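Here our numbering is used: the first residue of the sequence shown is 554, the next is one more, and so on.
The C-beta atom is built at its ideal place from N, Cα and C for all residues, glycine as well.
From a predicted model like this one, the values you see are computed outputs, not experimental measurements.
Taking it in order: structure first as structure tokens, then the write-up.
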Amino acid sequence: MIRILYRDDQLLVCEKPVGISSESPGLPDLVNDQTGLKTYPVHRLDRGTGGVCILALSSRICGLLQTLFRDGKVDKDYFAVVCGRPETDRGCYTDLLFHDRRQNKTFIARQMRKGVKEASCEWTVIHSVTREDQVLSLIHVRIHTGRTHQIRIQFASRGLPLAGDRKYGSPVKGKNPALWAGCISFPHPVQSSMSVRASSVPPSEFPWNCFPEEAYDCVICSCASRTSSQT
554 MIRILYRDDQ LLVCEKPVGI SSESPGLPDL VNDQTGLKTY PVHRLDRGTG
604 GVCILALSSR ICGLLQTLFR DGKVDKDYFA VVCGRPETDR GCYTDLLFHD
654 RRQNKTFIAR QMRKGVKEAS CEWTVIHSVT REDQVLSLIH VRIHTGRTHQ
704 IRIQFASRGL PLAGDRKYGS PVKGKNPALW AGCISFPHPV QSSMSVRASS
754 VPPSEFPWNC FPEEAYDCVI CSCASRTSSQ T
């Protein structure tokens with residue numbers, strides 16, 4: 554059963570499970586079977602990433618929502634668990650990234666060239682723990698761009714790979730990289746005076762269960778407060 558977080562006549566926001574594609578065949582088909590609606594994927598989450606995901610209920614609304622993404626009007630907040638702890642409690646990363654489709658892997662580029670795109674994010678350390686001599690840190694990440702594997706490579710390139718992300722050098726085993734789309738907010742594509750916000754917390758399993766529930770609640774509350782102040 555796919556959890557529906559928000560729904561109206563133009564769109565819905567649901568919680569994508571880990572291991573399911575955000576495109577067909579995948580999440581849209583599962584939601585279609587569950588609701589009897591025809592849905593259109595608006596944006597992508599990696600197969601190994603769960604959390605909030607938008608589906609449009611018509612091709613026209615899908616186009617309007619994708620324009621919001623392109624114009625930078627969609628706020629996207631993630632939870633990530635990294636191996637280690639950043640030297641500071643908060644910061645901002647800006648990099649040039651190149652995604653190699655053949656390897657399905659993203660690399661840091663030294664200069665702008667064909668296929669290279671700028672990526673930026675801001676982050677805050679929420680909580681750190683030590684488990685079997687390995688420091689794990691729960692990070693709140695807000696991305697300003699939506700590049701392939703952006704969060705994964707930006708942290709890994711600084712010696713902080715996501716737990717379970719063996720592709721980018723994690724020493725901690727896991728089924729998938731510890732990345733979860735926790736909150737999304739955006740102006741409604743039809744009702745211009747209205748904003749839509751939806752949030753989700755990771756499942757209570759490793760490595761997410763290494764941290765207290767309040768750690769997740771404080772981020773969700775801050776996202777809600779920020780959205781309210783903008784509307």
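Using only the alpha-carbon positions, how far apart do Gly727 and Leu608 sit?
28 angstroms
Nearest to Gly572 by alpha carbon, out of Leu558, Leu598, Gly589, Gln587?
Leu598
DSSP bridge partner residues for Gln687 (one or two, in chain order):
Arg684
Beta-carbon within less than 8 angstroms of Thr592's beta-carbon, same chain only, minus the 5 sequence neighbours each way: which residues are those?
Leu565, Pro581, Val584, Asn585, Leu608, Ala609, Leu610
For Glu568, which three-state DSSP category applies?
strand
What's the call for Val785, buried or exposed, on a 16-neighbour Cβ count within 10 Å?
The chain is shown only over 554 to 784; residue 785 falls outside these bounds and no answer can be derived.
What separation, rounded to the nearest whole angstrom, lies between the Cα atoms of Cys645 and Gly589?
42 angstroms
Coil, strand or helix - Lys667 by DSSP:
coil
Residue of Ser748, Ser738, Arg654 minimising C-alpha distance to Ala668
Sequence check: residue 668 is Gly here, not Ala. Checked all of Ser748, Ser738, Arg654; the closest Cα to Gly668 is Arg654.
Can you tell me whether DSSP reads Leu617 as helix, strand or coil?
helix
4-residue-minimum alpha helix (DSSP H) runs that sit fully inside the stretch 613-657, ordered along the chain:
none
Tell me, to the nearest whole angstrom, how far the beta carbon of Phe739 is from that of Leu558; I am working on the premise that it is less than 8 angstroms.
Rounded, the Cβ-Cβ distance is 13 angstroms, inconsistent with contact.
C-alpha distance - Thr784 paired with Arg623, whole-angstrom precision
Interpretation of Thr784 is limited by its pLDDT of 42, a score under 50 that renders its predicted location unreliable; the figure taken from the coordinates is listed afterwards. In a straight line, the C-alpha of Thr784 is about 20 angstroms away from that of Arg623.
Nearest-angstrom beta carbon gap, Asp630 and His693 [assumed within contact, 8 angstroms]
7 angstroms
Burial state of Thr647 (16 or more Cβ within 10 Å)
exposed
Have a look at Leu649 and Glu671 and give me their C-alpha separation to the nearest angstrom.
4 angstroms
Tell me, please, which residues DSSP counts as bridged to Gly604.
Lys569, Ala734
For Glu685, which option in Phe651, Cys636, Thr659 has the closest C-alpha, if you only look at C-alpha atoms?
Cys636
Relative to the C-alpha of His741, which candidate in Val749, Ala734, Val682 has its C-alpha closest?
Val749
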